[in-house]
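Here's the structure we're looking at; comments come further down.
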Amino acid sequence: FLERTWQFVNRNRARIFEQHKRLGISADWTRERFTMDPGPARAVRKIFVALYDKGLIYRGNRLINWCPGCRSALSDLEVDHEDVDSFLWYVRYPLLDDEGRDTNEYVTIATTRPETIVADTAVAVHPQDSRYRALVGRRVRVPAVDRPVPVIPDEAIDPEFGTGALKVTPGHDPVDFEIGERHGLETINAINIDGTMTEEAGPYAAMDRFEARKAIVADLKAQGLLVKEEPYRHAVGHCDRCGSVVEPLMSEQWFVAMTKVYGTGRNGPRSLAGDALKAVIEGWVGPDGVRKQIKMVPERHTKVYQNWLENIRDWCISRQLWWGHRIPVWYCGSCARMTVAMEDPERCAHCGSGHIRQDEDTLDTWFSSALWPFSTLGWPDDTEDLRYFYPTSVMETGYDIIFLWVARMIMMGLFAMDEIPFEWVYFHGTVRDDQGQRMSKSKGNGVDPEVLIDRYGADALRFKLVTAGGTGNDQRLEEPRMEAARNFANKLWNASRFVLSQLGPGQVVEAPDPSNRESMPAEDRWILSRLERLTESSLRLMERFELGEAGREMEEFLWDEFCDWYLEIAKIRLRQGDEASPLPVLVHTLAACLRLLHPYMPYVTEEIWSGSGDLRSHIPGGDGLLIETPYPEATAVWRDEAAEREMGLVLEIVRAVRNVRRERGIDAGRWLETYVVADAALTKHAPAIEALARARPLRIVPSREDAPSESVATAVLADAQVVVPLAGLFDVNAERAKLAKERDQAQAQVRSLEAQLANQKFLTSAPEKVVRDRREQLEAARSKLAGIEARLAELA
RNA sequence: GGGCGAUUAGCUCAGCUGGUCAGAGCGUCUGUUUUACACACAGAAGGUCGCAGGUUCGAGCCCUGCAUCGCCCACCA
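For the first sequence, this note's numbering puts the final residue at 1502, and the numbers step up evenly by one.
Structure representation (structure tokens):
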């Protein structure tokens, strides 16, 4: 966040200065205010000096990315390549004879940047290119400036592209610069730092670079040297800060050497990039002798990381911006040498002169960000916290800054601490607007989180962000999903209110005791068993960073199983004031949900626990904040397959009655006389079925003969049948049609299962459990089919 | 030019190590003042899981190719 703020400040520096000026605030004051605090500043200086001492930081006059808009150097990462529609201009360079006079021959080159013609110092062709072999060694005249330059051979030339001949501009193109170095060519600076042309540009001097381009093209055309201009789409570098077209040009800047080997250690030869690669690919042995490997989630990012590091170039770290850490280097006015120091020096370290001046440049904002894992822990002064918090376990950030930030934290962590900064990097996706567009200042489609928080609540925003997508995938910030998250928070709040309303002031409820399970009602055992499954499953998911899936499971459990079923069934006992109170299960299941959900919805859960809800006061030993209570652990003490099966049947029966009601258009409020053909053991669930299905009178009968068969709707389940007398509402044709449809489905299922179980290969190669499940499914399907057929026979 | 991701109900998206996984929310439709919640409850309709092959007893899930969209990297002027 700090870094983002600093970037923002940097982008807006001119405006802030102007504002302050208008307010009568001195520029010095402004500059001072926007200086980083001394802690991290010391870390930055210490690292700078250490890198410099190892020869990993150097100053050099090199071709760098220059932004004429910001008037600053940029690193490779700050240049965005965007496709631009332009032209490929084919230009004739007259061949000269030995005396330096024009001949009738030409070499035609293709260029996208005619304005750089004035800085050409050669024309290059591929050495194997038969078309040009004879020309190598001769000279051509550069148009516009009439400079004679040689035709040289170089492997870097692609004979297929353009005419196969390249104008070489070492001063303004990275490839050309390398060619220039190989052939000892002169480097000419034709473009100023403000984007205008230099004196070297001759007639075009002082023109803006794009104006100069037009002027040169016009002049070439006039001189008959322009062969053609071809529409051409190609990538052009833009400044990621201001959008200006970036200009490669020669400039004296500071660099960090990425691949230079500066020593050797227990992990072999050391270099910044090499070490960062090693820590992720094969692991890093720290000072404690333990090998630790940095793992990324989603894993695919490691390949991107690796690819970047394997092709990395030195990092240009000096910026000509106002804010940021100033480079801790002083130049001597007397002996001209440099003093590199942590503390501001009084005099030159070499000759003792007092005439020293600090470098005006600031550091790339990501240079200090790279130190974040340890500079925030007090390094280099107070290293106490470092012992406990370095390395940390998980670094969480967006995948868009994997190079800018993550890779550099790893480099600097290994350099300064000789230990990885973190073991896991968890990358979240990009949050887009509701149209799926990336949020950006220029588009103005940014969504202010504060507004969303006002509208839906902080918990809803957080829950939405964590659960709305897959791990590491981008997601849209859309309102319907925000509403759903808010509704869930509301659901949790209301369910809690209900539970709390059942408790007397100061009433303390003991936790359910597994050793008493025999005497507990099936629904209690059921919900506790389900809770345990949820705990086990969500913990497993969280360990794999499947945070969204875990949260969704919690929501589903709380809403569907706890609220819609358990709570409603528990109300019966609460109303009747049963001896076996559901309160222990109600209170402790809710408490467990609060703990599970706390990371997802910290505010509501805490409010229920220790705030106005004060659930903790009803729990033995309940004290402190929710965050202080232990997170639920996965155990199996409450696992109860029998209870789950039993309640599964109850739920099915209730749904069956509701379906009959719906299918016949019977008022939801009307009580329906209902027979359930099932084992007598089901009788104890009669009150629940009665209440939830509004089935009264309800009769549990042992066999189909005990229920009426005339004018009844029948729902056939595997382990039960539901019979609802309809009297006047009964429609025998509708009933037959419905049952026929169900029979077809059941038959299809039976056939498919039978076929699978008859397949010898399936039986031998499928896991035992799958085969067993299939057999059980077949049995259930057959039983259901038999029931349906019997009922159809009755109706015939 | 390389690499990666996406393509699943009208919309936005989940689907872990291949075995009922075809799901959720929203939307639509039908009902409901059932005393925690209408930011709710009950129910319904809706998808040949981009296309074509392949592996397997079995494939949204694995392999190959193709198509469309998006992102990242990149010194073909």
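Think of the CB as a built atom: it goes at the ideal place given N, C-alpha and C, for glycine as much as any other residue.
Q: Just the C-alpha distance for E917 and A911, rounded to the nearest angstrom, thanks.
A: Along the first sequence, read from residue 1 onward, the residue named residue 917 stands at position 211. Along the first sequence, read from residue 1 onward, the residue named residue 911 stands at position 205. If you take the alpha carbons of E917 and A911, they lie about 11 angstroms apart.
Q. Expressed to the nearest angstrom, what Euclidean distance is found between the alpha-carbon atoms of G1254 and V1172?
A. One-based indexing of the first sequence puts residue 1254 at position 548. One-based indexing of the first sequence puts residue 1172 at position 466. Each residue's alpha carbon lies about 5 angstroms from the other.
Q. Between the C-alpha atoms of D1395 and I1494, what's the straight-line distance to the nearest angstrom?
A. Taking the first residue of the first sequence as position 1, residue 1395 is located at position 689. Taking the first residue of the first sequence as position 1, residue 1494 is located at position 788. Inspection of the sequence shows that residue 1395 is occupied by Ile rather than by Asp. Taking the straight line from one Cα to the other gives about 22 angstroms.
Q: Rounded to whole angstroms, what's the CA-CA distance from V1137 to Q1181? Just pull it up for me.
A: Here the question's residue 1137 lines up with position 431 in the first sequence. Here the question's residue 1181 lines up with position 475 in the first sequence. Computed Cα separation, rounded: 5 angstroms.
Q) Which one of L1183, R1370 and Q1282 has the shortest CA to CA distance from S1417? A) If you number the first sequence from 1, residue 1417 lands on position 711. Checked all of L1183, R1370 and Q1282; the closest Cα to S1417 is R1370.
Q) According to DSSP, is Q1453 helix, strand or coil? A) Within the first sequence, the letter at position 747 stands for residue 1453. If DSSP states are grouped into helix, strand and coil, Q1453 belongs with the helices.
**Q.** Close beta carbons around A749, own chain, < 7 angstroms, minus the five adjacent residues each side
**A.** Here residue 749 corresponds to residue number 43 of the first sequence, with the count starting at 1. For A749, where only same-chain residues beyond five positions count, the Cβ hits under 7 angstroms are L1077, S1081, W1085 and P1086.
Q: Please go through the region 793-855 and give each complete beta strand (DSSP E) segment of 3 or more residues, from N-terminal end onward.
A: 808-817, 828-831 and 845-848
(Q) For F961, count the other beta carbons within 10 Å of its own beta carbon; 16 or more makes it buried, fewer makes it exposed. Which is it? (A) Here residue 961 is taken as the residue at index 255 of the first sequence, counted from 1. Buried.
Q | Beta-carbon proximity check, W795 vs L955, cutoff 9 angstroms | A | Within the first sequence, the letter at position 89 stands for residue 795. Within the first sequence, the letter at position 249 stands for residue 955. No, Cβ-Cβ distance for W795 and L955 is not below 9 angstroms.
Q) Can E1238 and T1341 be called in contact, C-beta distance under 9 angstroms? A) The residue given as residue 1238 occupies position 532 in the first sequence. The residue given as residue 1341 occupies position 635 in the first sequence. A contact, by the Cβ cut-off of 9 angstroms.
Q) Are the Cβ atoms of T1295 and H1304 separated by less than 9 angstroms? A) On the first sequence, position 589 is the one that residue 1295 refers to. On the first sequence, position 598 is the one that residue 1304 refers to. Contact: no.
Q.
Suppose the cutoff is 8 angstroms on Cβ atoms and the five residues either side in sequence are ignored; what does the same chain contact list for V785 look like?
A. Residue numbering aside, residue 785 sits at position 79 when the first sequence is read from its first letter. Answer for V785: N771, G943, H944, C945, D946 and V952, listed in chain order.
Q) Mapping DSSP to helix, strand and coil, what is P1408? A) Position 702 of the first sequence, counted from the start, is the residue given in the question as residue 1408. Coil.
Q: Verify whether the separation of the beta carbon atoms of D1048 and Y1037 is less than 9 angstroms.
A: Here residue 1048 refers to the residue found at position 342 of the first sequence. Here residue 1037 refers to the residue found at position 331 of the first sequence. This sequence places Met at residue 1048; Asp is not what is there. No, they are not a contact pair.
Q. Under 9 angstroms between the Cβ atoms of R765 and V1035?
A. Your numbering for residue 765 matches position 59 in the first sequence. Your numbering for residue 1035 matches position 329 in the first sequence. Going by C-beta atoms, R765 is nearer than 9 angstroms to V1035.
Q.
Only counting the same chain, and skipping five residues up and downstream in sequence, which positions put a Cβ closer than 6 angstroms to that of W1344?
A. Counting from one through the first sequence, the residue named residue 1344 turns up at place 638. Closer than 6 angstroms at the Cβ level, and outside the excluded window around W1344, lie L1234, S1235 and E1238.
Q: List the endpoints of the continuous alpha helix (DSSP H) containing P1393.
A: Walking along the first sequence from the start, residue 1393 turns up at place 687. A1392 to A1399 is the extent of the alpha helix (DSSP H) around P1393.
**Q.** CB-CB length for V1382 against A1426, believed under 8 angstroms
**A.** For the purposes of this step, residue 1382 is taken as the residue at position 676 of the first sequence. For the purposes of this step, residue 1426 is taken as the residue at position 720 of the first sequence. About 6 angstroms separates the two Cβ atoms, so the contact holds.
(Q) Bridge partners for Y1037 per DSSP, in chain order? (A) Counting from one through the first sequence, the residue named residue 1037 turns up at place 331. BP columns for Y1037 point to M1044 and R1063.
**Q.** Own chain partners of L780 with C-beta closer than 6 angstroms, once the 5 adjacent residues on each side are dropped
**A.** Along the first sequence, one-based indexing puts residue 780 at 74. Within the same chain, L780 has close Cβ partners N771 and C773.
Q) CA-CA distance, E709 and Y1105? A) Here residue 709 refers to the residue found at position 3 when the first sequence is read from its first residue. Here residue 1105 refers to the residue found at position 399 when the first sequence is read from its first residue. Reliability fails at E709, whose pLDDT of 49 lies under 50, so the model's placement of it is uncertain and the value that follows must be treated cautiously. E709 and Y1105: Cα-Cα distance of roughly 16 angstroms.
Q) For G1039 versus S1024, is the C-beta distance shorter than 9 angstroms? A) Numbered from its first residue, the first sequence carries residue 1039 at position 333. Numbered from its first residue, the first sequence carries residue 1024 at position 318. Not closer than 9 angstroms, so no.
Q: Please specify which runs of the alpha helix (DSSP H), each continuous and at least 4 residues long, are wholly inside the region 870-899, giving them in chain order.
A: 880-889
(Q) Can you find the residues in the same chain that come closer than 8 angstroms, C-beta to C-beta, to W735, ignoring five residues on each side of it along the sequence? (A) For the purposes of this step, residue 735 is identified with residue 29 of the first sequence, where counting begins at 1. These residues qualify, in order along the chain: H726.
Q.
Rounding to the nearest angstrom, what Cα-Cα distance links V1422 and R1192 in this structure?
A. By one-based count along the first sequence, residue 1422 stands at place 716. By one-based count along the first sequence, residue 1192 stands at place 486. Using only the alpha carbons, I get a separation of about 39 angstroms.
Q: Specify the secondary structure class of H940 as computed by DSSP and reduced to three states.
A: The count along the first sequence starts at 1 and reaches residue 940 at position 234. Reduced to three states, the DSSP call for H940 is strand.
Q) If you count every other CB in all the chains shown that lies within 10 Å of the CB of L729, and 16 or more means buried, which is it? A) Counting from 1 along the first sequence, the entry for residue 729 is found at position 23. That one is exposed.
Q.
Checking 9 angstroms against the spacing of the C-beta atoms, do G886 and T827 come in under that value?
A. Residue mapping note: residue 886 aligns to position 180 of the first sequence, counting from 1. Residue mapping note: residue 827 aligns to position 121 of the first sequence, counting from 1. Yes, Cβ-Cβ distance for G886 and T827 is below 9 angstroms.
Q. Quick one, are the C-beta atoms of D1124 and G992 less than 9 angstroms apart?
A. Working through the first sequence from its first residue, we reach residue 1124 at position 418. Working through the first sequence from its first residue, we reach residue 992 at position 286. Result yes, Cβ atoms of D1124 and G992 sit closer than 9 angstroms.
Q: Please classify Y764: does DSSP put it in a helix, a strand, or coil?
A: The residue you call residue 764 lines up with position 58 of the first sequence. Looking at Y764 - three-state DSSP - the assignment turns out to be strand.
(Q) Using 8 angstroms for Cβ pairs, my map puts G1178 next to F1133. What's the rounded Cβ distance? (A) Taking the first residue of the first sequence as 1, we reach residue 1178 at position 472. Taking the first residue of the first sequence as 1, we reach residue 1133 at position 427. With a Cβ gap of about 5 angstroms, G1178 and F1133 count as contacting.
Q) Under the DSSP definition of a beta bridge, which residues are partnered with F916? A) Your numbering for residue 916 matches position 210 in the first sequence. Paired residue(s): none; F916 is not in a bridge.
Q.
Within 10 Å of its beta-carbon, does Q959 have 16 or more other beta-carbons around it, so buried, or fewer, so exposed?
A. For this step, residue 959 is matched to residue 253 along the first sequence. Under this definition Q959 is a buried residue.
Q. Do P856 and V831 have their CB atoms nearer than 9 angstroms?
A. Walking along the first sequence from the start, residue 856 turns up at place 150. Walking along the first sequence from the start, residue 831 turns up at place 125. In this structure, V831 does not lie closer than 9 angstroms to P856 by Cβ.
(Q) Judging by CA-CA distance, which residue of V790, A1190, M964 and T1335 is the nearest neighbour of K1170? (A) Residue numbering aside, residue 1170 sits at position 464 when the first sequence is read from its first letter. Comparing Cα-Cα distances from K1170 to each of V790, A1190, M964 and T1335, the minimum goes to A1190.
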